[in-house]
Structures are given as structure tokens and as C-alpha cells.
Amino acid sequence: MCCVTTARRPASISSPTTTWDIILPFIAKARRPPVSSLPNFPNQAIADAKLLHTSAITLAISDSACDSVFAAIELARRHDTLVSFDTNLRLKLWPLSRARAIIHEVARSVDLCLPSLDEARLLTGLHEAEAIVDFYLNLGVKEVVLKLGSEGAMYANAHQRWQVKGHRVDTVDATGAGDCFSGAFLTQYLSGCSPERALDYANAAAALTTKGYGAVKPIPSRQEVEHFIKTITR
Numbered sequence: 001m002c003c004v005t006t007a008r009r010p011a012s013i014s015s016p017t018t019t020w021d022i023i024l025p026f027i028a029k030a031r032r033p034p035v036s037s038l039p040n041f042p043n044q045a046i047a048d049a050k051l052l053h054t055s056a057i058t059l060a061i062s063d064s065a066c067d068s069v070f071a072a073i074e075l076a077r078r079h080d081t082l083v084s085f086d087t088n089l090r091l092k093l094w095p096l097s098r099a100r101a102i103i104h105e106v107a108r109s110v111d112l113c114l115p116s117l118d119e120a121r122l123l124t125g126l127h128e129a130e131a132i133v134d135f136y137l138n139l140g141v142k143e144v145v146l147k148l149g150s151e152g153a154m155y156a157n158a159h160q161r162w163q164v165k166g167h168r169v170d171t172v173d174a175t176g177a178g179d180c181f182s183g184a185f186l187t188q189y190l191s192g193c194s195p196e197r198a199l200d201y202a203n204a205a206a207a208l209t210t211k212g213y214g215a216v217k218p219i220p221s222r223q224e225v226e227h228f229i230k231t232i233t234r
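Going by the UniProt record's numbering, the residue at position 32 of the sequence shown is 32; the numbering climbs one at a time, nothing skipped.
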């Protein structure tokens, strides 16, 4: 998701001494004309979409890209477009303190958050999966899908949660497995599947994608995923 804007800035900050130093530079931009008014900003596409998905990598690559995410989420909220967010943490792009502040501010505004366990431990300072899920729910996320790598995945909302175990496959390369998981889960979710079924499907798809090299070529087809699920449930 790539746009540009002067999004509204946070009113409540969890760690004042660190976070205000990170957020304040954006406030200075508030007098600029909203970038969402520019001709190339996809206002209508966001308004018409079922889901807006974004990643923390977009937040990290530049100030304008970061602003674009806030603007797109604000627009999605006005049009009842669902918002999902992958907390992809790339410390080569920005320091942890800045990443933590901005990622968690974005998380307050999304419907679905899809963190990975290792990255979430760095972002939250917590270790246990249950505690991490609670952390994001307490931020205001409606549904959390925590990716546990080879150990599977966990889904939670305010009323229920469950975990699925990872699948044993002949893994050669885990590159892109998390992205495959997120895409598979969201596709199933939007098609009307229950979160539990979407979690099972995404867990299987992510396992299968580790059987090949690279991030794109090994992504399995729907038929391959469904066949795999049938074979493991017999």
C-alpha cells in the first residue's frame, strides 16, 4: 500500500519521552495541503475496497510513505473499509524505538493485525504468545493473528482465541512464508470463511511455500492447499 499524506496525528501516546520525539516531526507537516487531495491518491479505490492492507515496511521507507499509511487508514475508516496490518519489522530501515512507536500507533486504528512472534517480542518486550495477543487487543485491534513460524499460528478477538500447530514439511527456504500466510488468511477471511477455517488454510499454505526457494515461485495454488489439508486430516 503506497500513498502520500498529512494524516491526523495521535492524541494519546503510551511512552511520552520516547514517542513524542518520534511523532512530533509529523505534526509540523499538518499545515501542508492534505496529500489525499492530490490526483494520484487512490481515494476512490480505498473507499470502494473491502479491505485495505498495509505493512510496517511502508511506514519505514520514508516520511511521506508513513504519512500515506495514516491517510489511507483514515480514509478507510470513513468508508467502513476493513483495515489489516502486518507489523513487518525491518530494523535496517529504522531504529526500534521509532518502529515501536509508529507501528503501535497504526495498530490502534486497524481491524486485523498480523504480527510475527519474533518481531512482536522485540516490539512489545513480551515473550509469551498469549501476552503478545493481549497486548495488541488492548491497543484496540479487533482481531489478532499471531504467526508462530514452524509452531503454527494463533487467532484471537475479545471473546475467543485458538491456536493451530505447524505442519511438518520438507522445508528448504522460509522466505516469504509470513507474507504467504497473511495473504492466504485475508483471502479466505474476505471470502466469508470463519476465522478458524481461514487460519487452518493460511497455516497450510505457509507450510507449503517453504518447500521451494524464493518468495513467489513456491506459493501454492488453492488446489494444492486444499489437497494438503485433506491429506493431513484423514
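C-beta atoms are modelled at their ideal positions from N, C-alpha and C, and glycine is treated no differently.
Contact between L51 and L186 holds: CB atoms are separated by about 6 Å, below the 8 Å threshold.
Counting C-beta pairs with one atom in each stretch, the region 193 to 207 and the region 60 to 78 have fewer than three that are closer than 8 Å, which means they do not touch. Nearest Cα to M154 within the set P115, G140 and T124: P115.
Under the three-state reduction of DSSP, L51 is assigned to strand. Under DSSP, the beta-bridge partners assigned to Y155 are V145 and W162. Going by DSSP, S194 is part of no beta strand (DSSP E) at all; its letter is neither H nor E. Counting only the Cα atoms, E143 lies some 7 Å from L137. No beta strand (DSSP E) of 3 residues or more sits fully in the region 89 to 142.
Under the three-state reduction of DSSP output, S62 falls in the coil class, being neither helix nor strand. At a Cβ-Cβ threshold of 8 Å, I46 and A65 do not count as neighbours. For L186, DSSP records no beta bridge to any residue. A Cβ-Cβ contact shorter than 8 Å links L122 with L89.
Beta-carbon to beta-carbon, D86 and A56 are separated by about 7 Å, close enough to satisfy the 8 Å threshold.
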